[in-house]
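**Q** Each position in the sequence shown, counted from 1, maps to that position plus 19 in my numbering.
Ideal Cβ positions, reconstructed from N, Cα and C, are used throughout, including at glycine.
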Amino acid sequence: MSGRLFHAVVILAPLALGALLGVELAARLGNAGAPRLAVPGWLGVAVAAVGLGVLAAVVARPASTHQIIGSGGGAPVGSVAEQLFVRIGGVEQALMIRGRDSGAPVLLYLAGGTGGTDLGALRRDATLEQHFVVVAWDQRGAGRSYAALEPTDALTVDQLIADTLEVTDYLRARFGVEKVYLVGQSWGSLLAVLAAKQRPDLYHAVVGVGQMVNLRETDVTFWHDALAWAERTGKTKLADALRANGPPPYADITKYEPVVAHEHAWNRYPTLDTSHEMPGALMVPEYSLIDKLNAFRGFLDTAHYLYPQLQDLDLRYDAARLAVPYFLVLGEHEARGRAEPADAYFEALAAPYKERYVVAGAGHRANFDSPARFAGIMLSVVETVGGLQ
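1) Which of the three DSSP states, helix, strand or coil, is assigned to V401?
2) Look at the Cβ atom of R143, then the Cβ atom of G108, and state whether they are nearer than 8 angstroms.
3) On the CB-based measure, 16 or more other CB atoms within 10 Å of its CB, does K254 come out buried or exposed?
4) Kindly confirm or deny that the segment 306-317 and the segment 332-346 touch, where touching means at least three C-beta pairs closer than 8 angstroms.
5) Can you name, in chain order, every residue of its own chain whose Cβ lies under 8 angstroms from the Cβ of G283, other than the five neighbours on each side?
6) Could you name the residues of the same chain whose beta carbon sits closer than 8 angstroms to that of D182, not counting the 5 residues immediately before and after it, in chain order?
7) Would you call the segment 393-401 in contact with the segment 133-149, where contact means no fewer than 3 C-beta pairs closer than 8 angstroms?
8) So W206 packs on A245, CB below 8 angstroms; how close in whole Å?
9) Tell me which residues share the same chain as E276 and place their Cβ nearer than 8 angstroms to its Cβ, disregarding the 5 neighbours each side in the sequence.
10) Of the choices V343, D120, G356, whose alpha-carbon is the least far from that of V99?
11) Apply the 10 Å Cβ neighbour rule to Q204 and answer buried if 16 or more other Cβ atoms are within range, or exposed otherwise.
12) So, helix, strand or coil for F387, using DSSP?
13) Using the C-alpha atoms, what's the distance from L301 back to A166?
14) Apart from the five residues on each side of it in sequence, which residues of its chain come closer than 7 angstroms, Cβ to Cβ, to A249?
15) Which residues bound the alpha helix (DSSP H) around D157?
16) Would you tell me roughly how many angstroms separate the C-alpha atoms of F104 and T252, rounded to the nearest one?
17) Return the bridge partner residues of E374 from the DSSP annotation.
18) May I have the straight-line CA-CA distance separating A130 from R355, to the nearest angstrom?
19) Would you tell me roughly how many angstroms separate the C-alpha atoms of D220 and G265, rounded to the nearest one?
20) Three-state secondary structure (DSSP) at R117?
21) Would you kindly work out how many angstroms separate the C-alpha atoms of L168 and T273, rounded to a whole number?
22) Should G405 be labelled buried (16 or more other beta-carbon atoms within 10 Å of its own) or exposed?
23) In terms of residues, what are the limits of the beta strand (DSSP E) holding Q328?
24) Under 8 angstroms between C-beta atoms, does L210 make it to chain C?
25) Would you check if there are 3 or more beta carbon pairs closer than 8 angstroms linking the segment 318-336 to the segment 181-200?
26) Let me know the secondary structure DSSP gives L184 once reduced to three states.
27) Which residue's Cα is closest to the Cα of S399: V348, D320, Y324?
28) Thinking Y324 and L174 are a contact (beta carbons under 8 angstroms), I'd like their distance in whole angstroms, please.
29) On a Cα-Cα basis, can you pick out the residue from N386, A215, D271 that is closest to V377?
30) If you draw a straight line from the C-alpha of G92 to the C-alpha of E101, how long is it?
31) Which of helix, strand or coil does DSSP assign to R392?
32) Restricting to Cα atoms, I'd like to know which of P170, V154, R357 is closest to M231.
33) Identify, in the order they occur along the chain, each residue of the same chain with its Cβ nearer than 8 angstroms to the Cβ of A94, setting aside the five sequence neighbours on each side.
34) Answer with buried or exposed for L407, where buried requires no fewer than 16 other C-beta atoms within 10 angstroms of its C-beta.
35) Please classify R384 as buried or exposed, where buried requires at least 16 other C-beta atoms within 10 Å of its C-beta.
36) Look at the alpha carbon of D137 and the alpha carbon of A155, and state the distance between them as a whole number of angstroms.
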């Protein structure tokens, strides 16, 4: 499940090459007639050997994250920049921790998906890590934590909430803080709210970026918007598929593809930037080749197990009250299927403090569309929370 087939292919190829060379060498040493390989054959062997060497080097390259560079050209004293695995919920899960000052406020980031990984997206802009210790966690089954997909019977919403709390406790102990700032994007925002509802004492605040509230409602709205766009633009095949499947939810997870795959087409806006999404966001040293492959596998595999569990979840009923400050961050161009439930949740939410930010020119991933603006929002959150204490 975690790249074993890929590793087997990589191992078998050089073994086959070695066997071929062994047969040729035996033929030569034993004077068994003319050599089995002519000059073109040897050229092919040489090319294959070079190719396998390059492949082996790529596969063997471990994931790494660069040092934070200060004004003097070196790593600032007290900075932190590392990737590690921590045993969470009984399985090894991946963290990336980066911050200019390890004494700064700790920010735990929960990626969207389900099964998403944002290590690369977070590395596109260093503004946030100048002011926070930024911790990106690949949840079980996602990205660098793909191996933690097993056992699959543990891939539940309750277990992911428990994992979130355990990661939080690890960070509290490591950095000597009482509370951390919890930031979730998309699916991660839903998980963040549920974790904070259960243990508000662990968090200064919850920040929901592209807040998800009710996946079923969002998917039904997406179905209508995708169908309207397909009919308007003459995408007959897509329109037929959407009508044939009918509105969500679906027992077959693959039927969601025509509903969600064309969002950037029917919700296009002038500042749309997809470079911080997969596959572009994977082209960073924080992922090995196997990690990059697993990022795609994790996105699909976790959806298979988790998405059906989320169909009856609605934060307006399941987390109508929070005992921690809540901040909603929406992009100006967020799709209405997400924006409308998020606004409704914000209005109805009972919390000690709540505030809404709309990021101009941004979409669903407002923190990555406008990273400097988001860093400014987070600094305002810290200031606001400080004033509430």
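**A** This is what the structure holds:
1) helix
2) no
3) buried
4) no
5) First, the amino acid is wrong: residue 283 is His here, not Gly. Closer than 8 angstroms at Cβ, skipping near neighbours: L291, T293.
6) I107, G108, Q112, Q158, R159
7) yes
8) Contact doesn't hold; Cβ gap of about 19 angstroms is too wide.
9) none
10) D120
11) buried
12) helix
13) 18 angstroms
14) L257, A258, L261
15) Per DSSP, D157 belongs to no alpha helix (DSSP H); it is in the beta strand (DSSP E), 152-157.
16) 47 angstroms
17) F346
18) 21 angstroms
19) 43 angstroms
20) strand
21) 19 angstroms
22) exposed
23) Run containing Q328: none; DSSP gives neither H nor E here.
24) As a matter of chain content, chain C is missing from the structure shown, which is built from one protein chain.
25) no
26) helix
27) V348
28) 4 angstroms
29) N386
30) 18 angstroms
31) helix
32) R357
33) Q86, I87, I88, A100
34) exposed
35) buried
36) 7 angstroms
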